[in-house]
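Report on the following structure.
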Amino acid sequence: MSKKVRVGAVQAEPVWLNLEGSVDKTISLIKQSAADGVQVLGFPEVWIPGYPWGIWTTSVIENVPMIHEYMNNSLAKDSPQMRRIQDAVKEAGMFVVLGYSERDGASLYMAQSFISPEGEIVHHRRKIKPTHVERTLWGDGQADSLKTVVDSPFGKIGGLNCWEHLQPLLRYYEYSQGVQIHVASWPAEFEMPDKEKQPWLYHETGEASYRASQFMAIEGQTFVLVSSQIMTEENLEKNNCLGNHVTKTPGGGFSMIFGPDGSPLCEPVGVGVEAILTADVDLRDIDYAKTFIDTVGHYARPDMLSLLVNPEAAKHVTLMKQSSF
1 MSKKVRVGAV
11 QAEPVWLNLE
21 GSVDKTISLI
31 KQSAADGVQV
41 LGFPEVWIPG
51 YPWGIWTTSV
61 IENVPMIHEY
71 MNNSLAKDSP
81 QMRRIQDAVK
91 EAGMFVVLGY
101 SERDGASLYM
111 AQSFISPEGE
121 IVHHRRKIKP
131 THVERTLWGD
141 GQADSLKTVV
151 DSPFGKIGGL
161 NCWEHLQPLL
171 RYYEYSQGVQ
181 IHVASWPAEF
191 EMPDKEKQPW
201 LYHETGEASY
211 RASQFMAIEG
221 QTFVLVSSQI
231 MTEENLEKNN
241 CLGNHVTKTP
251 GGGFSMIFGP
261 DGSPLCEPVG
271 VGVEAILTAD
281 VDLRDIDYAK
291 TFIDTVGHYA
301 RPDMLSLLVN
311 PEAAKHVTLM
321 KQSSF
């Protein structure tokens with residue numbers, strides 16, 4: 001029996017440093033996707049309030065004013081703004097994986113909330129290790145973020161942020177959770193600059209991120225929704241991105257939908273184009289790929305190679321119990 005699902009991947013420009021504007025645009029994209037029959041929708045990494053590329057291109061001192069605004073416009077998981085998004089998801093009757101900068105007290109985390117068609121946050125996770133200079137802004141996710149897959153009416157939905165796709169043990173653990181549709185949430189990533197003008201690394205390009213997402217589809221035998229941000233020229237200054245040869249605008253996007261054998265399932269859009277990429281998929285098609293390779297099944301050798309996982313989240317404060325005498 002077939003299990004057909006219409007999936008969607010968002011490629012769009014955030015409403016930079018603007019929480020209310022970000023929520024409005026998120027709801028608009030959810031409604032637009034629902035009108036197109038999308039049942040599972042993925043958003044980019046820290047879509048709200050956008051990925052602050054200035055942390056890579058400008059010094060900490062110069063970024064202080066921007067980061068102050070960034071903190072003020074990050075999204076709390078339990079907030080009126082989040083409830084507006086949840087209501088929109090419920091009205092649409094779809095499943096959404098929402099990437100956002102989560103504010104929890106005075107700390108920020110690179111979060112993904114998994115929102116069910118009933119509008120409930122059925123799972124919430126944080127990037128377990130922010131990458132390089134990201135660590136100056138966002139904290140680490142704990143062990144509860146190792147769970148990356150949840151059940152839904154549309155199959156088992158998974159999600160990872162950005163370079164979590166380069167962590168082989170984390171990917172392997174997701175495969176063991178039975179992922180069928182994976183949301184790969186990414187920031188804007190740009191083409192390789194002229195090395196004589198700007199030394200840079202290939203793995204920090206949209207092409208490399210595209211390939212990493214495609215490899216996860218192949219390795220995990222799962223559908224992958226690649227969602228990425230774009231940036232336009234008028235927003236370079238707001239993001240402290242003027243005067244470098246990396247953040248070329250309009251650009252940053254590399255979104256795609258891959259099948260469980262790694263094949264592209266829709267037409268690509270331009271690197272600076274806003275779009276919701278869609279594809280109609282049949283979860284039964286995963287069996288084609290699994291017949292050849294099941295990474296945590298018949299193609300594994302757990303007698304020789306296995307993964308050790310600590311599922312218990314660490315606590316900042318543990319209260320000692322009083323002994324009764």
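Using the UniProt record's numbering, you'd call the opening residue of the sequence shown number 1 and step up by one each time. By construction, the Cβ of each residue, glycine as well, lies at the ideal position given by its N, Cα and C atoms.
| Check | Outcome |
| --- | --- |
| Could you pull out every residue in the same chain whose Cβ sits closer than 7 angstroms to the Cβ of Glu118, ignoring the five residues on either side in sequence? | Lys90 |
| Use the C-beta contact count for Lys3: other C-beta atoms within 10 angstroms, 16 or more gives buried, fewer gives exposed. | exposed |
| According to DSSP, Gln229 sits in a beta bridge with which residue or residues? | Ala12 |
| Starting from the Cα of Ala88, find the closest Cα among Leu29, His316, Pro250, Leu146 and give me that residue. | Leu29 |
| Am I right that Ile257 and Ala9 are in contact with their C-beta atoms under 8 angstroms? What's the rounded C-beta distance? | 6 angstroms |
| How is His203 classed by DSSP in three states: helix, strand or coil? | helix |
| Do Gln177 and Val149 come within 8 angstroms of each other at the CB atom, strictly closer than that value? | yes |
| CB Glu164 to CB Ile121, shorter than 8 angstroms? | no |
| From Lys238, Gly270, Tyr172, pick the residue whose C-alpha is nearest to that of Ser306; which is it? | Tyr172 |
| If I follow the unbroken beta strand (DSSP E) through Gly158, where does it start and stop? | 155 to 161 |
| Tell me whether the beta-carbon of Glu189 lies closer than 8 angstroms to the beta-carbon of Glu204. | yes |
| Please go through the same chain and pick out, in chain order, the residues whose beta-carbon is closer than 6 angstroms to the beta-carbon of Trp16, but skip the five residues on each side of it. | Gly50, Asn235, Lys238 |
| Would you decide whether Gln322 is buried or exposed? Buried here means 16 or more other CB atoms lie within 10 Å of its CB. | exposed |
| Along the chain, where does the beta strand (DSSP E) that runs through Glu102 open and close? | 95 to 104 |
| How do the region 208 to 219 and the region 26 to 44 stand: do at least 3 beta-carbon pairs fall below 8 angstroms, yes or no? | no |
| Count the other CB atoms, across all protein chains shown, that sit within 10 Å of the CB of Asn72; report buried if there are 16 or more and exposed otherwise. | exposed |
| Can you name, in chain order, every residue of its own chain whose Cβ lies under 8 angstroms from the Cβ of Leu137, other than the five neighbours on each side? | Pro52, Ile55, Ile67, Tyr70, Leu108, Pro130 |
| Any contact of the region 71 to 86 with the region 96 to 107, i.e. 3+ C-beta pairs under 8 angstroms? | yes |
| Closer than 6 angstroms by C-beta to Gly158: which residues in its own chain qualify, once you throw out the five before and the five after it? Chain order, please. | Thr148, Val149, Glu174, Val179, His182 |
| Indicate the three-state DSSP secondary structure (helix, strand or coil) for Leu166 in the structure shown. | helix |
| Among the residues of its own chain, which have a CB less than 8 angstroms from the CB of Lys156, if the five just before and after it don't count? | Val149, Val150, Gln177, Gly178, Val179, Gln180, Ile181 |
| What separation, rounded to the nearest whole angstrom, lies between the Cα atoms of Tyr299 and Ile286? | 15 angstroms |
| What do you get for His132, buried or exposed, if any count of 16 or more other CB atoms within 10 angstroms of its CB means buried? | exposed |
| Can you tell me whether DSSP reads Asp140 as helix, strand or coil? | coil |
| Would you mind stating whether Gln198 and Val271 have Cβ atoms separated by less than 8 angstroms? | no |
| Span of the beta strand (DSSP E) holding Ile121? | 121 to 126 |
| Considering just the uninterrupted stretch of the alpha helix (DSSP H) at Leu19, what are its terminal residues? | 19 to 35 |
| State the CB to CB distance for the pair Leu75 and Leu160, rounded to an integer number of angstroms; the pair is presumed to be in contact (CB under 8 angstroms). | At roughly 19 angstroms, the Cβ-Cβ gap does not stay under 8 angstroms, so Leu75 and Leu160 are not in contact. |
| Suppose you measure from the CA of Pro44 to the CA of Ile27; what does that come to, to the nearest Å? | 14 angstroms |
| Roughly how far, in whole angstroms, is the beta-carbon of Arg126 from the beta-carbon of Met110, given that I think they are within contact range, below 8 angstroms? | 6 angstroms |
| In chain order, what residues of the same chain have a beta carbon less than 8 angstroms from the beta carbon of Thr222, not counting five sequence neighbours either side? | Gly158, Tyr175, Val179, Gln180, Ile181, His182, Met216, Pro260, Ile286 |
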